[in-house]
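Residue numbers (this note's numbering): 31 to 180. From the three backbone atoms N, C-alpha and C, an ideal C-beta is built for every residue, glycine too. Given the structure is predicted, the values throughout are model-derived calculations rather than measurements.
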């Protein structure tokens, strides 16, 4: 197995890393620069990860990004993929229907949403979706009464 990549920064790169490590507006970029700086100074990836409170896999990703793209590769952040439910387009109609005629169970909500939108989701997805518009599930139970006295 070959040795792992150990970055050696030039004087210009060192100045850029120190500047970004302390003053970059994005906290993630500051952390990545700190990992790069620590490894440049001779620390292991594990020590750099512990120092910056990131996982060893994250430290490895940062060093690979530097190896493949230089400092610009570290500064460039990929946007996080945030999926949006297909039900989001129908949120207003679902809210109106469930407000006008409340349901008792999640299964009834699933059926009502399927009638309104044509989209059928499972119990957990439906509960998660309905928590967004502010619907809460309330349990009804028997209230224990004290025993009859003789």
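Proximal residues to residue i (C-beta, below 6 Å), its chain only, five neighbours per side dropped
| i | result |
| --- | --- |
| residue 31 | Note that residue 31 has pLDDT 38, beneath the 50 cutoff, so the model's placement of it is unreliable and no number is given. |
| residue 62 | 92, 104 |
| residue 116 | 149 |
| residue 65 | 78, 82, 89, 92 |
| residue 70 | 37, 39 |
Anticipated Cβ contact below 8 Å, residue i with residue j, distance rounded
| i | j | result |
| --- | --- | --- |
| residue 124 | residue 140 | Contact doesn't hold; Cβ gap of about 11 Å is too wide. |
| residue 127 | residue 146 | 6 Å |
is_contact[residue i, chain C] using C-beta, thresh 8 Å
| i | result |
| --- | --- |
| residue 152 | Judged by its chain identifiers, the structure shown contains no chain C, having just a single protein chain. |
Where the alpha helix (DSSP H) containing residue i begins and where it ends
| i | result |
| --- | --- |
| residue 43 | 41-53 |
| residue 67 | 57-70 |
| residue 161 | 153-161 |
| residue 122 | 121-130 |
| residue 138 | 136-147 |
| residue 181 | Residue 181 is absent from the structure shown; the chain starts at 31 and stops at 180. |
| residue 82 | 75-82 |
Buried or exposed (CB count within 10 angstroms, at least 16 for buried), residue i
| i | result |
| --- | --- |
| residue 75 | buried |
| residue 156 | buried |
| residue 193 | Outside the shown range of the chain (31 to 180) lies residue 193, about which nothing can therefore be said. |
| residue 52 | exposed |
| residue 34 | exposed |
| residue 47 | buried |
| residue 50 | buried |
| residue 114 | exposed |
Beta-carbon contacts of residue i that lie in its chain and below 7 Å, excluding the five residues immediately before and after
| i | result |
| --- | --- |
| residue 96 | 37, 66, 103, 104 |
Same chain, Cβ closer than 8 Å to residue i, neighbours up to 5 away in sequence not counted
| i | result |
| --- | --- |
| residue 167 | 136, 157 |
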